[in-house]
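Listed in order, the protein sequences are those of chains P and W.
For the first sequence, our numbering gives the first residue as 1, with consecutive numbering after it.
For the second sequence, our numbering gives the first residue as 1001, with consecutive numbering after it.
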Amino acid sequence: MNLLKGPSARAAAGFAGSAVVLFALAPLVLSDFRLGLLAKYLCIAMVAVGVCLAWGRGGLLTLGQGVFFGLGGYAMAMHLKIADAGPGNLPDFMQLYGTATELPWWWQPFANPLFALAATVLLPMAVAAVLGSFIFRRRVKGAYFAILSQALAAAFAIWLIGQQATTGGTNGLTDIQGFFGYALDDPVNQRMVYFVIAAALLLLIALARQLIHSRYGELLVAVRDSEERVRFLGYDPANVKLVAYVVAAGMAGLAGALFVPAVGIISPALIGIVPSIEFVIGAAVGGRASLVGAVLGAVAVAWAKTALSEEFPAAWTYFQGLLFIVALAFLPGGLASLAGIVRRRRATAEEKKAAVIPVGEAA
Amino acid sequence: MSSLPHIHRRRFLAGTAALAAVVALSACGAKTDAAGSSDKAAKIDVSGDTVKVGLLNSLSGTMAISEVTVRNSLTLAIDEINASGGVLGKKIKPISEDGASDWPTFAEKAQKLIKEDQVAATFGCWTSASRKAVKPVFEKNKSLLFYPVQYEGLEQSPYIFYTGATTNQQIVPALDYLKSQGLKKLYLVGSDYVFPRTANKEIRAYAKANGMTILGEDYAPLGSTEFSTIANKVKSSKADAVFNTLNGDSNVAFFKEYKSAGLTAKSMPVVSVSIAEEEVKSIGTQYLDGQLTAWNYYQTTQGAANEKFVKAYKAKYGQDKPTSDPMEAAYVSVYLWKAMVEKAKSFDPEKVKAASDGITFDAPEGKVTIDGASQHIYKTARIGKVGSDGLIEQVWDSGKPIKPDPYLKGYSWASGLS
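Quick look at the structure:
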């Protein structure tokens, strides 16, 4: 009985449950197409894990996660495009729109699979580290930080669109055929990609959980709630925030990288202001401070988008908007706060009972 | 109590990893270099007395204003065909999906139409970016897409039929027209995406070979409404004419600034390739009066087929609703598909493709013919002038339908383009 109590045991049970659902149940009951969609949702959930850490725990409203998602996605897609083209050939879109006869210098390292794989995570983290150290040292906070992230996302998308000859412009990088030698149009390989994504998501959740429950995690919450006090205690809040920001960026980068084989496209449409907001909305609806809430929220919002738009192709945006308003107006802490509310109600009820009984006994 | 769960978790994590490894090992599919790995034609649901087709248009987002009109005219064609008995004895059942002006969504919805709904063909897409996003989906599943909008050429997917104009049926004739009018110094203005950038590359190549000069080339982000700088640059360039490849709402802002910079259709005409009757209405006739457009069809195009089309469209969607080139191309695409299916006596995409060459249809724009080799259609080019009533009057046409040449192989000046 004791085994089932305590946060660690509950987490282990949760993990076991989600692993069974992701690895056994979902592939059994879902068609190839729906499983592919689930893979896409899980990628968005991976971004949400980072958002939970940076925003939910660290109070950093990261409205520019599209940038890191895009860096990871483009790093992966660039390698896959080079691999598809074969040695000595240019990717198809460069032949169409470009003037160069050989790969631009900044494409060349991505021909190496190991470099590309490492870059999907390390590149976003490096960018976040440089940016973050500037931003946090200068004590940019709150709305200013959010606006800055947004501006960054917009700027990156505009830059990508302008470089049609080397980035594919608005089209992005499309028509990706293979994934490290495996043909992506084979349903068996698509399933493999799904498993990789599901495993990566569980891994990221475990990592984030460790961080949240560590001393660092407590420090992060302390910085969120009262930065000045933490500073007076002798810690540097800038460093504390930087770690959360960089880790969240790395997670978004990995998500972007795995999104590419799952969906087969990366484009500025996934990077700009709107998608960056969408990455945060899922976490907000589900509950940004709770890992489970953020992940389930991200999946639920993405799923609702598909389901509503299939059911009501002309009016789904209104339903989606309504859903956000209702969720955030009545549950500002997200769906995860429902559990907390229920638990508190039960606790107060028990307290009352506990308080009543002795009185009864006394009487 | 605290140590036990830890052991549990570790054991459990190891179990998960092992499970994942087993699953991954058992799940190795075809390699990229394996021949025949892509022999997975999509199923088509022809059970029952209906056949499903997909309508894939943006019903929300920035492109909705244009793409909804295409969806409407596709629906009109389907209703007409169903009223006259359907295709191969089956009624057409349209399944509408929203591309949401977002390219990855287009890819997702295309997949849904093919795999879940098992449609016989899909009609739609507007922007080149959305077409590029769905192209691999249709190719991998060997399913057909009918694309109804003029585009930048340099593409020939075996699973796409292009019923809008390619470059040599719209942009090249427009340049020929400008040249014949003695307008040889051009300024290029466009939205920042694939179509304008590629079109302008082609225009530069044409200009170089034909003694025309390009005085400037400017791009505005899609949806941008800030044009005072560009309008002033255009004015001070003293160009003979402006070649405009702006898309959507940007045109409203551009033409307002153009007018307030003191430029008129007389002093410096603008040729637009993305402004049709629907857009004229939203930009405002006073800003466009006398400006030029290049298309293959106008609401005013002569002929009984067009009278019937315009009348049917207005009866269904309202008397104030204009018809435009992409709408007409979409309407035509459904009829062409029907003719191909009937010739092939099958809904199977491979057989439909094989039957495509030489299929003709008396379209509102005049007789169109499918060129089986390129899967584009022969179309008549038309230059029009916006009238004060908001309609576009034809001032020039190519006389006969032009053979589609998506890679501009028949033009020596274009040899360096692809």
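Think of the CB as a built atom: it goes at the ideal place given N, C-alpha and C, for glycine as much as any other residue.
Check your understanding: Of all the residues that make up the stretch 1375-1408 of chain W, which are near chain P by a beta-carbon distance shorter than 8 Å?
Key -> none
Practice item. Kindly indicate the opening and closing residues of the alpha helix (DSSP H) around R209(P). Key: P187 to I212
Exercise for review: Spatial neighbours of F179(P) within its chain, please: CB distance less than 8 Å, with the 5 preceding and 5 following residues excluded, ordered by chain position.
Suggested key: L80, N189, V193 and P261
**Study point:** Chain-ordered neighbours of Q210(P) on chain B, where CB pairs are closer than 8 Å
**Key:** Among the protein chains of the structure shown, namely P and W, there is no chain B.
Point to revise | Classification of N1432(W) by the beta-carbon crowding that lies within 10 angstroms, buried from 16 upward | key: Summary: the structure shown does not reach residue 1432(W), with chain W confined to residues 1001 through 1418, and so no result is reported for it.
**Study point:** Contained beta strand (DSSP E) runs [length at least 3] in the stretch 1102-1175 of chain W, N- to C-terminal order
**Key:** 1122-1124, 1145-1147 and 1160-1162
Exercise for review: Can you tell me which of A1354(W), S1333(W), V1352(W) and P1322(W) puts its alpha carbon nearest to the alpha carbon of L1391(W)?
Suggested key: P1322(W)
Exercise for review: Could you run through the stretch 1223-1237 of chain W and flag, in chain order, every residue whose CB is less than 7 Å away from some CB of chain P?
Suggested key: none
Check your understanding: Taking 9 Å as the CB-CB cut-off, is D1102(W) touching chain P?
Key -> yes
Exercise for review: Answer yes or no: does any C-beta atom of chain W fall closer than 9 Å to that of K241(P)?
Suggested key: no
Practice item. Taking C-beta pairs closer than 7 Å, name the residues in chain P that L1423(W) reaches, listed in chain order. Key: Lying before the first or after the last residue shown, residue 1423(W) is absent from chain W, which here runs from 1001 to 1418.
Point to revise | R1382(W) (DSSP reduced to helix, strand or coil) | key: strand
Review point. Whose C-beta lies closer than 7 Å to the C-beta of G1036(W) among residues of the same chain, with five residues either side of it excluded?
Key: Reliability of the predicted coordinates at G1036(W) is poor, the pLDDT of 43 falling under 50, and no value is obtained from them.
Exercise for review: Within the stretch 228-297 of chain P, note down every full alpha helix (DSSP H) run reaching 4 residues or more, in order along the chain.
Suggested key: 237-263 and 273-286
Point to revise | Beta-carbon spacing of A1121(W), S1143(W) below 9 Å | key: yes
Exercise for review: Spatial neighbours of A198(P) within its chain, please: CB distance less than 7 Å, with the 5 preceding and 5 following residues excluded, ordered by chain position.
Suggested key: L22, F23 and L42
Practice item. Select from the stretch 1081-1098 of chain W all residues with a C-beta closer than 8 Å to any C-beta belonging to chain P, and list them in chain order. Key: S1096, E1097 and D1098
Review point. Are the CB atoms of P1364(W) and Y1378(W) nearer to each other than 9 Å?
Key: no
Practice item. Return the residue from the list V1310(W), G1054(W), T1360(W) and E1393(W) that minimises the CA-CA distance to A1294(W). Key: E1393(W)
**Study point:** Rounded distance between the beta-carbons of L123(P) and A75(P), thought under 8 Å
**Key:** 6 Å
**Study point:** Bridge-paired residues (DSSP) for H1376(W)
**Key:** Y1162(W) and D1371(W)
**Study point:** Counted within 10 angstroms of its Cβ, other Cβ atoms place T120(P) as buried (16 or more) or exposed
**Key:** buried
Check your understanding: Once you ignore the five residues that flank P1104(W) on each side, which residues in its own chain have a CB closer than 8 Å to its CB?
Key -> A1133
Review point. Helix or strand or just coil, what does DSSP make of F312(P)?
Key: coil
Practice item. Spell out a yes or no on whether the stretch 1180-1191 of chain W and the stretch 1237-1252 of chain W are touching, meaning 3 or more CB-CB pairs, one atom from each, closer than 8 Å. Key: yes
Check your understanding: For W1295(W), which residues does DSSP report across the bridge?
Key -> R1382(W)
Check your understanding: Do the stretch 82-92 of chain P and the stretch 296-315 of chain P touch if we need at least three Cβ pairs shorter than 8 Å?
Key -> no
Exercise for review: Take the Cβ of D1192(W) as the centre, count every other Cβ of all protein chains shown within 10 Å, and call the residue buried at 16 or more, exposed below.
Suggested key: buried
Review point. For a contact meaning CB atoms closer than 9 Å, what does A310(P) contact in chain W?
Key: The amino acid at residue 310(P) is misidentified as Ala; the sequence shows Glu. Simply E1097, D1098, K1109, K1112 and E1116.
**Study point:** Where N2(P) sits in the DSSP three-state scheme
**Key:** Low per-residue confidence applies at N2(P): pLDDT is 47, beneath 50, and the placement is therefore not dependable enough to give any value.
Practice item. Could you confirm whether any beta carbon from chain W is found closer than 9 Å to the beta carbon of G64(P)? Key: no
Check your understanding: Mind checking whether P1349(W) and S1374(W) have CB atoms under 9 Å apart?
Key -> no
Check your understanding: Taking contact to mean at least 3 C-beta pairs separated by less than 8 Å, is the stretch 1153-1168 of chain W in contact with the stretch 1073-1091 of chain W?
Key -> no
Check your understanding: If we ignore side chains and look at the alpha-carbon of each, how far apart do S1038(W) and D185(P) end up?
Key -> Caution is warranted here: a pLDDT of 45 is assigned to S1038(W), below 50, making its placement in the model unreliable, and the coordinate value is therefore given only provisionally. Each residue's Cα considered, the two are about 7 Å apart.
Exercise for review: For the beta strand (DSSP E) holding E1393(W), just list the boundary residues, first then last.
Suggested key: I1392 to D1397
**Study point:** Ranges of the alpha helix (DSSP H) found wholly within the stretch 314-354 of chain P, counting only runs of at least 4
**Key:** 316-330
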